[in-house]
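Trainee: In this note's numbering, the protein residues as written are 2 to 614.
All residues carry an ideal CB built from backbone N, CA and C; glycine is no exception.
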């Protein structure tokens, strides 16, 4: 009996179906076919054709045409270009991951975007547009001096060169997930196309490729959320599963700046962070300056605000949809998604696998977001390098042809460096949304502080900017080191693997909840310094405040004659205060202004003599 029973057991074991491994499941889902490659290639070809059109057919020469489109562009395409530049692949893939891992609190940052729209419209946009600048950092020389201008320009170059490799790397991850193609094969290929159309076509090519890419971005995200929702059983099921897991939640009202996401960090900290990016950053301001009037620039601003809020909302819902699909088998724990930001591409592979070509549309959408950000960054950096660095030091001005060649050469060199830096980003292995916002704050905080001092405070900024930069480098690299080493961890939402129908290595669940404090002691039992635990949403504000405080202290010691300021360099509502201050301290320059304002030259001369007397 025993031998017969053993024989039966063996035969049953041999006949039982073998459970597939996670590697086999992943490879079986990589069904990126010929039609998908064709859809992806169509996007690249369309971008290349736009570059050829503006570079060779409707060729425009000169700095004004190349960098600001002749200042006569149309509002709608510029609005979409602003959206495409602002929403990178980091947002398209990072926001869904943020919601899947930490819940919906982050989405309340859209309130900050709306506030930025009002402040930008009232404070920054009128000043930049009235001055007819090419580089926003020209303002700093007019307001302060050449040294401050160079500091501002340097902060922009460093910040952009740090950000762009992350922008390139993220969509390459998505492409790798759905095709298996190595990140470092697809990255140079796609970036060559972007560098080409940015190089030959200038701002007009960038804006019109952004115009095309924005439709692809919106279309690809709507495609995945609509099809995914229908397949799973409707919005109500998505909402119910996320409510049960605690993912749909409001931010806490905790006043502690150490909490990762509070309503104050998201609205106030988020406002300051986005204000620098949308309010004084060359990438964005250069587009507003391409429009003919302040009124058209304001219309573009509000179209941009509505578009960004809408797209962030779609990305947030995509995060809820990912959890609804994988609520019983977490792909991060099983390593079906090797990296956090490959969750959305994994959903695409599941939802669109039966429809050839649609996966290609999605990947084209993600790469569109990346290419728009890359082209914007390269075009803006070429403007800054030429206007702020080269022209400041050469005695003989460039000819139009020489300037044109120099700007194109700059685009190629900086683009090549960004592609090379992707290797560095790959080693970071961190959640890219938080990582990119943290690294941005190193330069964004001091830069914003300098511009705020320029437009709102009649004080200097050179030492303040250097102090802010030094402090933020130390703070953020110390904090990121503590996070990477495991000294600092954050609360995450619960997941499960009980419903998995494939085998996977038994590793620690990546999303198991940690202690309520969300901070783990290090190996020596010591907590990281409280400043290192500051929420990343407060970083930009910290850098800006450091810059402003140090700048005010220095200028109180050295003093500055406020009556010598040009009112056009201040925000419109601050100009009346400058006039009040000027009346209290009559000076030679103030006398000259009185002379110019008088209609009758004799009366003006008499007024000046009386003041002198």
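Output the distance between the C-alpha atoms of residue 455 and residue 549, rounded to the nearest integer angstrom.
Mentor: Here residue 455 corresponds to residue number 454 of the chain shown, with the count starting at 1. Here residue 549 corresponds to residue number 548 of the chain shown, with the count starting at 1. About 10 Å.
Trainee: Please return the same chain residues whose Cβ sits closer than 6 Å to the Cβ of residue 300, not counting the five positions on each side in sequence.
Mentor: Within the chain shown, numbered from 1, the residue matching residue 300 stands at position 299. Around residue 300: 76.
Trainee: Determine the DSSP secondary structure at residue 498, reduced to helix, strand or coil.
Mentor: Working through the chain shown from its first residue, we reach residue 498 at position 497. The answer is coil: DSSP assigns residue 498 none of H, G, I, E or B.
Trainee: Measure the Cβ-Cβ separation of residue 160 and residue 445 and say whether it is below 8 Å.
Mentor: Taking the chain shown and counting its residues from 1, the one referred to as residue 160 is at position 159. Taking the chain shown and counting its residues from 1, the one referred to as residue 445 is at position 444. Yes, Cβ-Cβ distance for residue 160 and residue 445 is below 8 Å.
Trainee: Got a sec? Which residues, its chain only, sit under 6 Å from residue 535 by beta carbon, not counting five neighbours each side?
Mentor: Position 534 of the chain shown, counting from 1, holds the residue named residue 535. Cβ within range, chain order: 258.
Trainee: DSSP three-state call for residue 504: helix, strand or coil?
Mentor: Taking the chain shown and counting its residues from 1, one reaches residue 504 at position 503. Note: residue 504 maps to strand in three-state DSSP.
Trainee: Rounded to the nearest angstrom, how far is the Cβ of residue 332 from that of residue 325, given a contact under 8 Å?
Mentor: As a first step, residue 332 is located in the chain shown; it is residue number 331 there, counting from the start. As a first step, residue 325 is located in the chain shown; it is residue number 324 there, counting from the start. Not quite, the Cβ-Cβ distance comes to about 13 Å (not below 8 Å), so this is no contact.
Trainee: If you reduce the DSSP assignment to three classes, tell me which class residue 335 lands in.
Mentor: Walking along the chain shown from the start, residue 335 turns up at place 334. Residue 335: coil per DSSP, three-state reduction.
Trainee: For residue 95, which of 170, 404, 142, 417 has the nearest alpha-carbon?
Mentor: Stepping through the chain shown from its first residue, residue 95 is reached at position 94. For the residues 170, 404, 142, 417, the minimum Cα distance to residue 95 belongs to 170.
Trainee: Just reading off the alpha helix (DSSP H) that residue 128 is part of, what are its end residues?
Mentor: Sequence index remark: in the chain shown, residue 128 carries index 127 (1-based). Run containing residue 128: 126-132, per the alpha helix (DSSP H) assignment.
Trainee: Can at least three beta-carbon pairs, one atom from the stretch 247-257 and one from the stretch 338-357, be found at a separation below 8 Å?
Mentor: The stretch 247-257 is not in contact with the stretch 338-357.
Trainee: Using a threshold of 8 Å, state whether the C-beta atoms of residue 119 and residue 279 are closer than that.
Mentor: For the purposes of this step, residue 119 is taken as the residue at position 118 of the chain shown. For the purposes of this step, residue 279 is taken as the residue at position 278 of the chain shown. No, they are not a contact pair.
Trainee: Which one or two residues does DSSP pair with residue 253 in a beta bridge?
Mentor: Start at 1 with the first residue of the chain shown, and residue 253 comes out as number 252. DSSP lists 263 as partners of residue 253.
Trainee: Tell me whether the stretch 222-236 and the stretch 381-397 touch, counting them as touching only if at least three CB pairs, one residue from each stretch, are closer than 8 Å.
Mentor: Contact fails: fewer than three Cβ-Cβ distances are below 8 Å.
Trainee: Per DSSP, residue 22 forms a beta bridge with which residues?
Mentor: Translated into positions along the chain shown, residue 22 becomes position 21. Looking at the DSSP assignment, residue 22 forms a beta bridge with 504.
Trainee: Just the C-alpha distance for residue 385 and residue 72, rounded to the nearest angstrom, thanks.
Mentor: For the purposes of this step, residue 385 is taken as residue 384 along the chain shown, with counting starting at 1. For the purposes of this step, residue 72 is taken as residue 71 along the chain shown, with counting starting at 1. C-alpha separation (whole angstroms): 17 Å.
Trainee: What is the rounded straight-line gap between the Cα of residue 293 and the Cα of residue 489?
Mentor: Start at 1 with the first residue of the chain shown, and residue 293 comes out as number 292. Start at 1 with the first residue of the chain shown, and residue 489 comes out as number 488. When rounded, the distance between both Cα atoms is 49 Å.
Trainee: Should residue 353 and residue 363 be called a contact, given that it needs their Cβ atoms to be closer than 8 Å?
Mentor: For the purposes of this step, residue 353 is taken as residue 352 along the chain shown, with counting starting at 1. For the purposes of this step, residue 363 is taken as residue 362 along the chain shown, with counting starting at 1. Yes; because the gap between Cβ atoms is below 8 Å, this pair is in contact.
Trainee: Where do the ends of the alpha helix (DSSP H) carrying residue 49 lie?
Mentor: What you label residue 49 is simply residue 48 of the chain shown in a count that begins at 1. From DSSP, the alpha helix (DSSP H) with residue 49 extends over 35-53.
Trainee: Just to confirm, are residue 51 and residue 198 a CB contact at a threshold of 8 Å?
Mentor: One-based indexing of the chain shown puts residue 51 at position 50. One-based indexing of the chain shown puts residue 198 at position 197. For residue 51 and residue 198, yes; Cβs fall inside 8 Å.
Trainee: As a quick exercise: from 350, 392, 553, pick the residue whose alpha carbon is nearest that of residue 34.
Mentor: The sequence position of residue 34 within the chain shown is 33, counting from 1. When each option's Cα is compared against that of residue 34, the closest is 350.
Trainee: Count the other CB atoms within 10 Å of the CB of residue 248; is the residue buried (16 or more) or exposed (fewer)?
Mentor: Along the chain shown, one-based indexing puts residue 248 at 247. When all chains shown are included, residue 248 counts as buried.
Trainee: Does DSSP classify residue 488 as helix, strand or coil?
Mentor: Locating residue 488 in the chain shown gives position 487, where the first residue counts as 1. Coil at residue 488, not helix or strand.
Trainee: Tell me whether the beta-carbon of residue 336 lies closer than 8 Å to the beta-carbon of residue 500.
Mentor: The residue you call residue 336 lines up with position 335 of the chain shown. The residue you call residue 500 lines up with position 499 of the chain shown. Going by C-beta atoms, residue 336 is not nearer than 8 Å to residue 500.
Trainee: Should residue 457 and residue 572 be called a contact, given that it needs their Cβ atoms to be closer than 8 Å?
Mentor: Position 456 of the chain shown, counted from the start, is the residue given in the question as residue 457. Position 571 of the chain shown, counted from the start, is the residue given in the question as residue 572. Their beta carbons are under 8 Å apart, which means residue 457 touches residue 572 by this criterion.
Trainee: With distances taken between CB atoms, is the gap from residue 140 to residue 157 smaller than 8 Å?
Mentor: The count along the chain shown starts at 1 and reaches residue 140 at position 139. The count along the chain shown starts at 1 and reaches residue 157 at position 156. No, the Cβ-Cβ distance between residue 140 and residue 157 is not below 8 Å.
Trainee: Do you know how far the Cα of residue 401 is from the Cα of residue 481?
Mentor: Here residue 481 is taken as the residue at index 480 of the chain shown, counted from 1. Here residue 401 is taken as the residue at index 400 of the chain shown, counted from 1. Going from the Cα of residue 481 to the Cα of residue 401 covers about 45 Å.
Trainee: By the 10 Å Cβ neighbour count, where 16 or more other Cβ atoms means buried, how is residue 146 classified, buried or exposed?
Mentor: Mapped onto the chain shown, residue 146 falls at position 145. Residue 146 is exposed by the Cβ-count criterion.
Trainee: To the nearest angstrom, how far is it from the Cα of residue 295 to the Cα of residue 123?
Mentor: Sequence index remark: in the chain shown, residue 295 carries index 294 (1-based). Sequence index remark: in the chain shown, residue 123 carries index 122 (1-based). C-alpha separation (whole angstroms): 11 Å.
Trainee: Going by DSSP in three states, residue 330 sits in which element: helix, strand or coil?
Mentor: Here the question's residue 330 lines up with position 329 in the chain shown. Coil at residue 330, not helix or strand.
Trainee: Label residue 557 either buried or exposed according to how many other C-beta atoms from any shown protein chain fall within 10 Å of its C-beta, with 16 as the threshold for buried.
Mentor: Sequence index remark: in the chain shown, residue 557 carries index 556 (1-based). Under this definition residue 557 is an exposed residue.
Trainee: Going by DSSP in three states, residue 473 sits in which element: helix, strand or coil?
Mentor: Locating residue 473 in the chain shown gives position 472, counting from the first residue. Three-state result, residue 473: helix.
Trainee: To the nearest angstrom, how far is the alpha carbon of residue 463 from that of residue 195?
Mentor: Working through the chain shown from its first residue, we reach residue 463 at position 462. Working through the chain shown from its first residue, we reach residue 195 at position 194. Taking the straight line joining both Cα atoms gives about 36 Å.
Trainee: Tell me whether residue 483, by its Cβ, gets closer than 7 Å to a heavy atom of the ligand HEM.
Mentor: This structure lacks the ligand HEM, and indeed carries no ligand of any kind.
Trainee: Is it buried or exposed for residue 164, if we count other Cβ within 10 angstroms and need 16 for buried?
Mentor: Numbered from its first residue, the chain shown carries residue 164 at position 163. Flag for residue 164 reads buried.
Trainee: Do the stretch 309-318 and the stretch 97-114 meet, that is, are 3 or more Cβ pairs less than 8 Å apart?
Mentor: As far as the Cβ criterion goes, the stretch 309-318 touches the stretch 97-114, which means the pair count is three or higher.
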